[in-house]
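Following the numbering used here, the numbering of the sequence shown begins with 23 at its first residue and continues without gaps.
Note that the Cβ used here is the ideal one computed from N, Cα and C, for glycine as well.
These numbers were taken from a predicted model, which means no experiment stands behind them.
I have placed the structure first, in the form of C-alpha coordinates, so that the comments after it can refer back to it.
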Amino acid sequence: MKSFALLTAFAALSSPLSAAIIIAGDVGTPGAPCTLTITTDIVSEITADPINGITCLVFDNWVTADAAQDFASLAPELAFTVNDGPTVSLESMLADNWVDGPLPDMEAGDGYLYVWFGDTPLQTGDIFTIKAGTYTFNSVAGINPQIAQTFEGNFFIADETGTRIANIVDLSVPEPSAALLGAVGSLALLRRRR
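Here you go:
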(Lines of atoms letter the chains of each structure in order from A and count residues from 1; the text may use other names and numbers.)
(Lines give C-alpha, C1' and ligand atoms only; values in the text may rest on other atoms or scores of the structure.)
Protein backbone atom coordinates (compact mmCIF):
# COMPACT_ATOMS: atom_id res chain seq x y z
CA MET A 1 0.00 0.00 0.00
CA LYS A 2 2.89 2.32 0.82
CA SER A 3 4.39 1.82 -2.64
CA PHE A 4 1.03 2.65 -4.26
CA ALA A 5 0.86 5.92 -2.32
CA LEU A 6 4.44 6.73 -3.32
CA LEU A 7 3.72 5.98 -6.98
CA THR A 8 0.62 8.18 -6.85
CA ALA A 9 2.65 11.04 -5.38
CA PHE A 10 5.27 10.75 -8.12
CA ALA A 11 2.59 10.54 -10.79
CA ALA A 12 1.34 13.93 -9.62
CA LEU A 13 4.73 15.36 -10.63
CA SER A 14 4.28 14.37 -14.26
CA SER A 15 3.17 16.88 -16.87
CA PRO A 16 -0.57 17.04 -17.48
CA LEU A 17 -1.89 15.91 -20.84
CA SER A 18 -2.59 18.71 -23.27
CA ALA A 19 -5.67 19.15 -25.39
CA ALA A 20 -6.01 17.35 -28.66
CA ILE A 21 -8.14 18.20 -31.67
CA ILE A 22 -9.62 15.04 -33.18
CA ILE A 23 -11.26 14.91 -36.61
CA ALA A 24 -13.37 11.79 -37.18
CA GLY A 25 -15.64 10.58 -39.96
CA ASP A 26 -15.34 10.15 -43.70
CA VAL A 27 -13.68 13.53 -44.25
CA GLY A 28 -12.69 12.75 -47.83
CA THR A 29 -16.32 12.30 -48.97
CA PRO A 30 -18.22 15.56 -49.62
CA GLY A 31 -21.42 15.74 -47.56
CA ALA A 32 -20.36 13.00 -45.14
CA PRO A 33 -21.09 13.67 -41.45
CA CYS A 34 -17.89 14.28 -39.47
CA THR A 35 -16.93 15.45 -35.99
CA LEU A 36 -14.31 17.78 -34.53
CA THR A 37 -13.62 17.02 -30.86
CA ILE A 38 -11.68 19.25 -28.48
CA THR A 39 -10.67 16.86 -25.67
CA THR A 40 -9.93 19.44 -22.96
CA ASP A 41 -10.30 23.20 -22.62
CA ILE A 42 -7.68 25.21 -24.54
CA VAL A 43 -6.54 28.29 -22.60
CA SER A 44 -4.70 31.18 -24.27
CA GLU A 45 -3.76 34.70 -23.18
CA ILE A 46 -4.45 37.57 -25.57
CA THR A 47 -1.17 39.48 -26.06
CA ALA A 48 -2.30 42.16 -28.56
CA ASP A 49 -5.58 43.88 -29.39
CA PRO A 50 -7.15 42.39 -32.55
CA ILE A 51 -7.67 44.63 -35.58
CA ASN A 52 -11.22 43.37 -36.17
CA GLY A 53 -13.82 41.19 -34.47
CA ILE A 54 -13.18 38.38 -36.94
CA THR A 55 -10.67 36.05 -35.36
CA CYS A 56 -9.03 32.81 -36.44
CA LEU A 57 -8.21 30.04 -34.00
CA VAL A 58 -5.23 28.59 -35.86
CA PHE A 59 -3.87 25.02 -35.92
CA ASP A 60 -0.36 25.70 -37.20
CA ASN A 61 0.81 23.62 -40.20
CA TRP A 62 -2.03 21.10 -39.88
CA VAL A 63 -3.31 20.70 -43.41
CA THR A 64 -1.91 19.89 -46.81
CA ALA A 65 -1.56 23.17 -48.65
CA ASP A 66 -3.58 23.32 -51.85
CA ALA A 67 -4.93 26.07 -54.09
CA ALA A 68 -8.40 26.25 -52.52
CA GLN A 69 -9.71 27.66 -49.27
CA ASP A 70 -12.56 25.53 -47.95
CA PHE A 71 -15.10 26.05 -45.14
CA ALA A 72 -17.39 23.69 -43.18
CA SER A 73 -19.83 25.09 -40.59
CA LEU A 74 -19.68 23.59 -37.09
CA ALA A 75 -22.72 22.67 -35.00
CA PRO A 76 -23.39 23.49 -32.26
CA GLU A 77 -21.75 26.90 -32.14
CA LEU A 78 -18.22 27.06 -30.68
CA ALA A 79 -18.30 27.51 -26.88
CA PHE A 80 -15.73 29.69 -25.11
CA THR A 81 -15.20 31.97 -22.12
CA VAL A 82 -13.31 35.23 -21.72
CA ASN A 83 -11.68 35.83 -18.31
CA ASP A 84 -13.63 32.91 -16.77
CA GLY A 85 -16.90 34.71 -17.47
CA PRO A 86 -20.07 33.05 -18.69
CA THR A 87 -19.81 30.53 -21.51
CA VAL A 88 -20.59 32.14 -24.86
CA SER A 89 -21.35 30.27 -28.08
CA LEU A 90 -20.72 31.78 -31.52
CA GLU A 91 -21.07 30.60 -35.10
CA SER A 92 -17.82 29.16 -36.39
CA MET A 93 -16.45 27.30 -39.38
CA LEU A 94 -13.63 24.82 -39.81
CA ALA A 95 -11.42 26.21 -42.56
CA ASP A 96 -8.16 25.49 -44.32
CA ASN A 97 -5.56 27.06 -46.59
CA TRP A 98 -5.61 30.81 -46.19
CA VAL A 99 -5.03 31.77 -49.84
CA ASP A 100 -6.12 35.42 -49.88
CA GLY A 101 -2.55 36.68 -49.93
CA PRO A 102 0.45 36.73 -47.63
CA LEU A 103 -0.34 37.21 -43.95
CA PRO A 104 2.07 37.90 -41.10
CA ASP A 105 1.48 34.68 -39.12
CA MET A 106 -0.84 32.46 -41.18
CA GLU A 107 0.02 30.41 -44.23
CA ALA A 108 -1.62 27.98 -46.64
CA GLY A 109 -0.79 24.91 -44.53
CA ASP A 110 -2.69 26.17 -41.49
CA GLY A 111 -6.09 24.86 -40.48
CA TYR A 112 -8.28 27.12 -38.40
CA LEU A 113 -11.65 27.85 -36.86
CA TYR A 114 -13.07 31.07 -38.26
CA VAL A 115 -15.16 32.93 -35.64
CA TRP A 116 -16.90 36.34 -35.60
CA PHE A 117 -16.40 38.01 -32.19
CA GLY A 118 -18.38 41.19 -32.94
CA ASP A 119 -20.11 41.46 -29.55
CA THR A 120 -17.26 39.87 -27.61
CA PRO A 121 -14.21 42.03 -28.23
CA LEU A 122 -10.90 40.60 -27.09
CA GLN A 123 -8.29 42.84 -25.49
CA THR A 124 -4.69 42.48 -24.40
CA GLY A 125 -4.51 40.53 -21.14
CA ASP A 126 -7.78 38.63 -21.61
CA ILE A 127 -7.74 34.91 -20.92
CA PHE A 128 -9.57 33.14 -23.74
CA THR A 129 -10.71 29.57 -23.14
CA ILE A 130 -12.14 27.32 -25.84
CA LYS A 131 -14.39 24.84 -24.10
CA ALA A 132 -13.96 21.11 -24.65
CA GLY A 133 -16.69 19.56 -26.71
CA THR A 134 -17.69 17.74 -29.86
CA TYR A 135 -18.87 19.60 -32.92
CA THR A 136 -20.33 18.16 -36.11
CA PHE A 137 -19.78 19.29 -39.68
CA ASN A 138 -20.53 17.96 -43.12
CA SER A 139 -17.39 17.41 -45.13
CA VAL A 140 -17.01 19.58 -48.21
CA ALA A 141 -14.98 18.87 -51.34
CA GLY A 142 -11.35 19.79 -50.75
CA ILE A 143 -11.55 20.35 -46.98
CA ASN A 144 -8.32 19.50 -45.22
CA PRO A 145 -7.42 17.33 -43.47
CA GLN A 146 -8.67 14.71 -45.94
CA ILE A 147 -8.45 11.86 -43.43
CA ALA A 148 -9.59 11.35 -39.84
CA GLN A 149 -6.72 12.37 -37.57
CA THR A 150 -5.59 14.02 -34.36
CA PHE A 151 -3.92 17.43 -34.33
CA GLU A 152 -1.13 17.74 -31.78
CA GLY A 153 0.88 20.84 -32.50
CA ASN A 154 0.95 24.60 -32.00
CA PHE A 155 -2.29 26.54 -31.64
CA PHE A 156 -2.66 30.33 -31.64
CA ILE A 157 -5.26 33.05 -32.12
CA ALA A 158 -4.99 35.49 -35.04
CA ASP A 159 -7.00 38.56 -35.99
CA GLU A 160 -8.51 39.30 -39.40
CA THR A 161 -5.13 40.47 -40.70
CA GLY A 162 -3.61 37.04 -39.94
CA THR A 163 -1.48 38.50 -37.14
CA ARG A 164 -1.01 36.36 -34.01
CA ILE A 165 -2.64 38.11 -31.03
CA ALA A 166 -2.13 35.45 -28.34
CA ASN A 167 0.54 33.23 -26.89
CA ILE A 168 1.27 29.96 -28.70
CA VAL A 169 -0.24 26.91 -26.97
CA ASP A 170 1.43 23.54 -27.57
CA LEU A 171 -1.33 20.94 -27.94
CA SER A 172 1.03 17.97 -28.15
CA VAL A 173 0.79 15.25 -25.53
CA PRO A 174 4.07 15.33 -23.57
CA GLU A 175 6.18 12.31 -22.76
CA PRO A 176 6.00 11.07 -19.16
CA SER A 177 8.21 13.18 -16.92
CA ALA A 178 11.60 12.00 -15.79
CA ALA A 179 10.40 12.08 -12.17
CA LEU A 180 7.56 9.68 -12.95
CA LEU A 181 9.81 7.30 -14.88
CA GLY A 182 12.39 7.40 -12.09
CA ALA A 183 9.73 6.68 -9.49
CA VAL A 184 8.42 3.69 -11.42
CA GLY A 185 11.95 2.33 -11.81
CA SER A 186 12.72 2.84 -8.11
CA LEU A 187 9.53 1.10 -7.07
CA ALA A 188 10.36 -1.82 -9.34
CA LEU A 189 13.81 -2.14 -7.70
CA LEU A 190 12.35 -1.91 -4.18
CA ARG A 191 9.71 -4.48 -5.01
CA ARG A 192 12.34 -6.85 -6.42
CA ARG A 193 14.52 -6.58 -3.26
CA ARG A 194 11.67 -7.88 -1.10
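Supposed close pair residue 156, residue 63 - CB separation, criterion 8 Å: Actually they are not in contact, since the Cβ atoms of residue 156 and residue 63 sit about 14 Å apart, beyond 8 Å.
Distance CB(residue 160)-CB(residue 83) smaller than 9 Å: The Cβ atoms of residue 160 and residue 83 lie no closer than 9 Å to each other.
Minimum C-alpha distance to residue 147 - residue among 43, 71, 133, 48: Looking only at 43, 71, 133, 48, the smallest Cα-Cα distance to residue 147 is reached by 71.
Residue 171 (DSSP reduced to helix, strand or coil): If DSSP states are grouped into helix, strand and coil, residue 171 belongs with the strands.
Cβ contact (3+ pairs, closer than 8 Å) linking the segment 98-107 and the segment 169-187: No, they do not touch.
C-alpha distance - residue 98 paired with residue 138, whole-angstrom precision: When rounded, the distance between both Cα atoms is 15 Å.
Which residues DSSP lists as bridging residue 118, in chain order: Answer is 133.
Where residue 74 falls, given that 16 or more other Cβ within 10 Å makes a residue buried: Flag for residue 74 reads exposed.
Which residues DSSP lists as bridging residue 147, in chain order: Its beta-bridge partners do not exist; DSSP assigns none.
Sequence-distant residues of the same chain with beta carbon closer than 8 Å to residue 101, five excluded per side: Contacts found: 109, 110, 111, 152, 153, 155.
Closest Cα partner of residue 48 within the set 95, 192, 163: When only C-alpha atoms are compared, the closest one is 163.
Nearest candidate by alpha-carbon position, reference residue 78, set 88, 165, 118, 149: Of 88, 165, 118, 149, the residue nearest in Cα terms is 118.
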